[in-house]
Amino acid sequence: MVDATTRAYAEKQDADDPLAGLRERFVTTDPDLIYLDGNSLGRLPRATVDRLDGVLREEWGGELIGGWGHWMDLPTSVGDLIGMHLLGAASGQTVVADSTSVNLYRLAGAAVRARPGRSVIVTDDDNFPTDRYVLAGLAEDRGLQLRVVHTDPDEGVDTNTIADAVDEGTALVSLSHVAYRSGGLADMAAINRATHRSGALVLWDLCHSVGSVPVELDGTGSDLAVGCTYKYLLGGPGAPAFLYVRAGLHTELRNPVQGWFGQRDQFAMGPEYDPLPGVERFRTGTPPVLPLVAVEEGVRLLAEAGIDALRAKATALTEQFIALADARLAGHGFRLASPRDPDRRGSHVTLHHPRAEELTGALIEQANVVPDYRTPERIRFGLAAPTTSHVEVWDAVDRLVHLLEQDSGSYL
Ligand SMILES: *Cc1c(COP(=O)(O)O)cnc(C)c1O
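To convert, count from 1 in the sequence shown and add 92; that's the working numbering.
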């Protein structure tokens, strides 16, 4: 049996890694930094720097207003690129616009309106905060009930719990595909089936899964989805999010923030709102061209690597990390707070420790390792496949062990 806890193993894995060459295609200013937060803000691809420079100088600088001739279609062309390579979505169902929070509001609002007579939205208590806040506000506005089921924060969403909470009164089920805290991966196909049996719609938040785990929105019969582009999709801070609406729902759903970019004949400037027939009706206002172009570059890089290869590498990284945590960190008071089964988790691994917050600070300040702290008492390690090596995983754990030993036991 191979011992996955040695540095020699890590070196061998890197030497055999078909994606190892990707690392050089990112900007790095500190070669000693071990960045394990690509699931919060992905690293900057070099290609993005050049592309943005060109767009600034030649397109904005040179073409001026004429640029809209081709900028106009970026939300749908970049949406299709994400859909085709990363979402298992045929073209014409994905648009890049606004933030995940805003898109969630729009799609949830459209969904409950399309299910009149049903008064319940189902979500879970471990869902991402913005999702819970958006849904709570919407439920209050529309006089609906938000049914919040319990999810084990270390295991992720349980299919049976959701199935039990859905009934003939349910309009919408809204969940995260990969849990932001534990990395727990929900069973999209099974939850869609259980929800559809009662006639409700399902809205998935893909922020922590898109670009890290294969997603099959069309294949699993998903209705609606949203997700961000600044995490695994490498779009940069504040880059716009995407939304997906299954083709069969386009004419049935109405965008609650109806604006001129969703209008059929936009520049006729007509008196009444007459929405486009396709997913474009979920556009609202002027798209942010510069970050959209950055999203396109990030997605191209991932598409070139291929989601299956990215997933295979991420699984190898998280398996190695967990083996190291068992061997070297368990004795220092750490406990795994992510699913042990690799098929049940995404691309980040979380460890529980009573002094997690302080240790996260010490890792950043003293060890040049950047994970992030998550309540309660958890350190989250994002192992983004394009930019993380197996040696970095080994070194990060080793630096953490040194911190703990230096501190002569006070972290225990
Ligand atoms: C990061 C994240 C968000 C962020 O939403 P914004 O509107 O972009 O701030 C939403 N949902 C989940 C699950 C996330 O991980």
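C-beta: ideal position from N, C-alpha, C; glycine also.
Here DSSP, grouped into helix, strand and coil, assigns P468 to coil. With a cut-off of 7 Å, the C-beta of A203 is classified as distant from ligand 1, since no heavy atom of the ligand falls inside that distance. Taking all protein chains in view, the Cβ of N219 is crowded by 16 or more other Cβ atoms within 10 Å, so the residue is classified as buried.
Sequence-distant partners of V294 (beyond 5 residues in either direction) whose C-beta falls short of 6 Å from its own C-beta, in its chain, are V265, N284, T287, D315.
Straight through space, the alpha carbons of Q350 and A96 are spaced by roughly 54 Å.
In this model, P478 and R115 are separated by some 6 Å (Cα to Cα). Judged by DSSP secondary structure, H444 falls within the beta strand (DSSP E) whose first and last residues are 440-444. Contact between D297 and D223 holds: their C-beta atoms lie close to 6 Å from each other, under 8 Å. When Cβ pairs closer than 8 Å are counted between the two stretches, the segment 299-309 is seen not to touch the segment 252-261, the count staying below three. Considering only V240, A200, T243, D244, the residue with the shortest C-alpha distance to R234 is A200. A contact between stretches requires three or more CB pairs, one per stretch, nearer than 8 Å, and the segment 143-160 fails this requirement with the segment 316-323.
Within a 10 Å sphere around the beta-carbon of V188 sit 16 or more other beta-carbons, which makes this residue buried. In the structure shown, D145 falls within a helical segment according to DSSP collapsed to helix, strand and coil.
Distance from the C-beta of Y272 to the nearest heavy atom of ligand 1 is below 7 Å.
In this structure V141 is exposed. Its beta-carbon is surrounded by fewer than 16 other beta-carbon atoms within 10 angstroms.
Residue environment analysis places L125 among the exposed positions, since fewer than 16 neighbouring C-beta atoms fall within 10 angstroms of its C-beta.
The C-beta of D109 has 16 or more other C-beta atoms within 10 Å across all chains shown, which makes the residue buried. In chain order, the residues that have a beta carbon nearer than 6 Å to some heavy atom of ligand 1 are S191, T192, S193, F220, T222, D223, S268, Y272, D297, C299, H300, C320, A333. A distance of 8 Å or more separates the beta carbons of R99 and V119.
Residue pairing by DSSP places I126 opposite V461 in a beta bridge.
Around the beta carbon of A107, a 10 Å sphere encloses fewer than 16 other beta carbons of the protein chains shown; the residue is thus reported as exposed. With respect to L166, L384 sits close: the two C-beta atoms are nearer than 8 Å.
With a beta-carbon spacing of about 6 Å, D310 and A181 fall inside the 8 Å limit used to define contacts. For G319, the enclosing beta strand (DSSP E) stretches over residues 316-319. Classified as buried, V371 has 16 or more neighbouring CB atoms from the shown chains inside 10 Å of its CB.
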